[in-house]
Amino acid sequence: MTAPPRRSSLNAARRARELAALPGEVVDVLVVGLGATGAGAALDAASRGLSVAAIDAHDLAFGTSRWSSKLIHGGLRYLASGQLDVAYESAVERGVLMRRTAPHLLGALPFVMPLTPMVPRRQERLVRGGLAAGDALRLAAGTPRGLLPGPRRLSAAETLRLAPALRPDGLRGGLLSWDGRLADDARLVTAIARTAAAHGARILTRCRALTVTGEGALVRDERTGRTFPVRTRSVINAAGVWAGGLVDGVRLLPSRGTHLVLRAGSLGGTAAGMQVPVPGSRARFVLVLPQGDGRVYVGLTDEPADGPIPDVPEPTEGEIGFLLDILGSVLETPVRRADVAGAFAGLRPLLDDGPAREGGGAGTHADISRRHRVLTSPDGVVTVVGGKLTTYRRMAEDAVDAVLASGRLGPARPSRTARIPLVGAGAAARPGAAPPPPGVPARLVRRYGAEAPLLAALAREEGPGSLEPVVPGLPVLGVELAWAVRHEGALDVGDLLDRRTRIGLVPEDRAAAVPAAEAVLRRHAPSPGTTPDTRDDPDSSPSSPQL
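Numbering-wise (this note's numbering), the sequence shown opens with residue 105 and increments by one.
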């Protein structure tokens, strides 16, 4: 079997070992929160030579980072609202991901905006101008046309070929554009966290920060209930929508974004995305996002999320109805409520700037700036909020820069994360690379990149059926569950089905997959307090470490 990626492996054995050692040490940086930004901060700090511990009360990508539209976009919406700096930053970070750090997880998705009678020609001209400006941003960011083709106008016949579910009556054509689409947002976070681990960061899930100061935190191991202090020279609060509960003075206005999950057949098997304008808005669209796994996402809303912050937000029937109504306005056969296989909602951690908001007034949540902010509390805790998935790397870099600017640490190298490939982003994963070796399924290449042959080798070790679907009709393979436990830090059924794979987005599919997930956990994951399997623990084998 090909040597496993020991330095980047996350599993119960590594967690137990690193958790046991942590109370006796003083680390340079403690990161609270393991979404994209927190995992990115752990990677940024560790790759600069700092000692890092990163904790989360739940799991990798448990919060907002798994509820996105799975888009790495160039900021067209921000151009429409005049946020040129945000749009440019988005285009630059999209290029970094597509060209260098995660080409195996990111591809180009075509979008069609249907020109129906509800889209006046003036709006068509405005959108065409915006698409041209977005293409100029792509050029300025250095992303080649080979990765993101340019926009153009389509005839009605071309539009229907790309989006066959559209209503042909009155259709005068469409506008074609391209943007970046992730294979999976939670998979991106897992890759960031594993890359941070390969650089020495301690990635510790199921560890809840009860209190936080500039010198450390009181932490509870949620698997055992044990409470212990973590001493540190600096703290980065990357807890997203929960950030205000850890540090005084951080005021957030969470916004709920809801998506529907449809079976691909509901929309005629479309392979192209769609942008359906929301009536009365210049910059809002309902997006149709085919996923390549037999599912299509439709989103998203932008509604205030008042009250306590739930662990898992729930879509409202009103939001589901809104999305179905907008989608139905352009389809030949509208999607019914009974056709909705699942729905999910995420909360955006938008900063409440009060009068400093865009336009100087309260406005709507859709009007609040998506610029990220880095705040330092009187006792030195650095909090990073706002922003979006596309710019996680820049947010993380700015947070670590703020820690270094505080003078609490000695000198450190400048950020290198714009040049560090994430695990799986080897030469074999890049567009145009040679086909994978025989016996390596194409799905594994699309989701695991250069590590796909390692999964195929693990499948041979796991035995018959490991390269078969976990649930009939879905592409997730049995070996992906075993890999998640042995190398990606999955500890329970929720980790496997809701984050390492996305089976759980459809309740019916999740229920069917639970027995397979439980069987994998019985084979590979010990219960708290038992001796972990050390086969893939980076310190338990003499094998040469690898990234």
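Even glycine gets a Cβ: it sits at the ideal position worked out from N, Cα and C. Fair warning: this is a prediction, and the values are worked out from it, not measured in the lab.
Within-8 Å CB hit, residue i to chain B
| i | result |
| --- | --- |
| LEU126 | Going by chain labels, chain B is absent from the structure shown, which holds only one protein chain. |
Reduced DSSP secondary structure (H/G/I, E/B, other) of residue i
| i | result |
| --- | --- |
| PRO525 | coil |
| THR495 | helix |
| ARG520 | coil |
| MET202 | helix |
| THR168 | helix |
| ALA120 | helix |
| ALA588 | helix |
| VAL190 | helix |
| VAL354 | coil |
| PRO579 | coil |
| GLY377 | strand |
| ARG477 | strand |
| ALA387 | coil |
| ALA158 | strand |
| ASP483 | coil |
| LEU134 | strand |
| PRO127 | helix |
| VAL345 | helix |
| VAL574 | coil |
| LEU508 | helix |
| VAL382 | coil |
| LEU455 | strand |
| LEU601 | helix |
| LEU251 | coil |
| LEU175 | strand |
| LEU371 | helix |
| LEU431 | helix |
| ILE340 | strand |
N- and C-terminal bounds of the alpha helix (DSSP H) containing residue i
| i | result |
| --- | --- |
| THR141 | 140 to 151 |
| PRO227 | Before going on, a small fix: residue 227 reads as Gln here, not Pro. 225 to 244 is the extent of the alpha helix (DSSP H) around GLN227. |
| VAL549 | 546 to 552 |
| PRO557 | 556 to 566 |
| ALA620 | 611 to 628 |
| LEU258 | Not the alpha helix (DSSP H): LEU258 falls in the beta strand (DSSP E), residues 256 to 258. |
| GLY184 | Reading the sequence as shown, one finds Ala at residue 184 and not Gly. Where ALA184 is concerned, the enclosing alpha helix (DSSP H) stretches over 180 to 184. |
Supposed contact pair residue j and residue i - C-beta distance, whole angstroms, cut 8 Å
| i | j | result |
| --- | --- | --- |
| LEU235 | LEU275 | No, LEU235 and LEU275 are not in contact; Cβ-Cβ is about 19 Å, not under 8 Å. |
| ALA158 | ALA300 | 7 Å |
| VAL478 | ALA313 | Going by Cβ atoms, the distance from VAL478 to ALA313 rounds to 19 Å, so no, they are not a contact pair. |
| GLY446 | LEU578 | Actually they are not in contact, since the Cβ atoms of GLY446 and LEU578 sit about 13 Å apart, beyond 8 Å. |
| GLY284 | ARG198 | 5 Å |
| GLY139 | SER172 | About 10 Å; that fails the 8 Å criterion. |
| PRO394 | GLY377 | 6 Å |
| GLY403 | LEU366 | Not quite, the Cβ-Cβ distance comes to about 11 Å (not below 8 Å), so this is no contact. |
| SER151 | ILE524 | 6 Å |
| ARG497 | ALA516 | That pair is no contact at about 17 Å. |
| ALA620 | LEU581 | That belief does not hold up - the Cβ atoms of ALA620 and LEU581 are roughly 10 Å apart, past 8 Å. |
| GLU654 | ASP132 | Residue 654 lies beyond the residue range present for the chain, which begins at 105 and ends at 651; the question has no answer from this structure. |
| LEU356 | PRO218 | At roughly 36 Å, the Cβ-Cβ gap does not stay under 8 Å, so LEU356 and PRO218 are not in contact. |
| ARG386 | ALA240 | No, ARG386 and ALA240 are not in contact; Cβ-Cβ is about 19 Å, not under 8 Å. |
Spatial neighbours of residue i in its chain, beta-carbon cut-off 8 Å, leaving aside the 5 residues before and after
| i | result |
| --- | --- |
| VAL130 | ARG335, THR336 and ARG337 |
| GLY318 | SER338, VAL339, SER481, ASP483, GLY484, VAL485 and ARG512 |
| ILE413 | VAL345, TRP346, GLY349, PRO358 and LEU451 |
| ILE176 | GLU197, ARG198, LEU201, MET202, LEU210, ASP283, GLY284, ARG285, LEU286, LEU493 and THR494 |
| ALA124 | none |
| HIS591 | PRO108, PRO109, SER112, SER113, LEU114, ASN115, ARG298 and ASP640 |
Extent of the continuous beta strand (DSSP E) run through residue i
| i | result |
| --- | --- |
| GLY361 | 359 to 367 |
| VAL439 | Taken as a continuous stretch (DSSP letters only), VAL439 belongs to no beta strand (DSSP E), as it is neither H nor E. |
| PRO214 | 210 to 218 |
| ARG452 | 444 to 452 |
| ARG335 | 331 to 336 |
Neighbourhood of residue i by C-beta distance below 7 Å, restricted to the same chain and skipping five residues each side
| i | result |
| --- | --- |
| ALA206 | LEU292, ALA295, LEU526 and ALA529 |
| ALA343 | VAL136, GLY137 and LEU350 |
| THR315 | ALA321 and LEU322 |
Same chain only: Cβ atoms within 6 Å of residue i, ignoring 5 sequence neighbours per side
| i | result |
| --- | --- |
| PRO127 | PHE332 |
| ARG551 | ALA287 |
| GLY238 | GLY178 and LEU180 |
| TYR182 | VAL190 and ALA191 |
| GLU122 | ARG306 |
| ARG256 | LEU280 |
| ALA532 | Unreliable positioning characterises ALA532 in this predicted model, as indicated by a pLDDT of 48, which lies under 50. The coordinate reading is nonetheless provided below. Excluding residues within five positions, the ones whose Cβ falls inside 6 Å are ALA554. |
| PHE215 | SER281, GLY377 and GLN379 |
| TYR616 | This sequence places Ala at residue 616; Tyr is not what is there. Answer for ALA616: VAL575, listed in chain order. |
Completely contained beta strand (DSSP E) runs for the stretch 260 to 327, where each covers 3 or more residues: 278 to 286, 306 to 308, 311 to 317 and 320 to 325
Beta strand (DSSP E) runs wholly inside the stretch 392 to 428, at least 3 long, in chain order: 399 to 403
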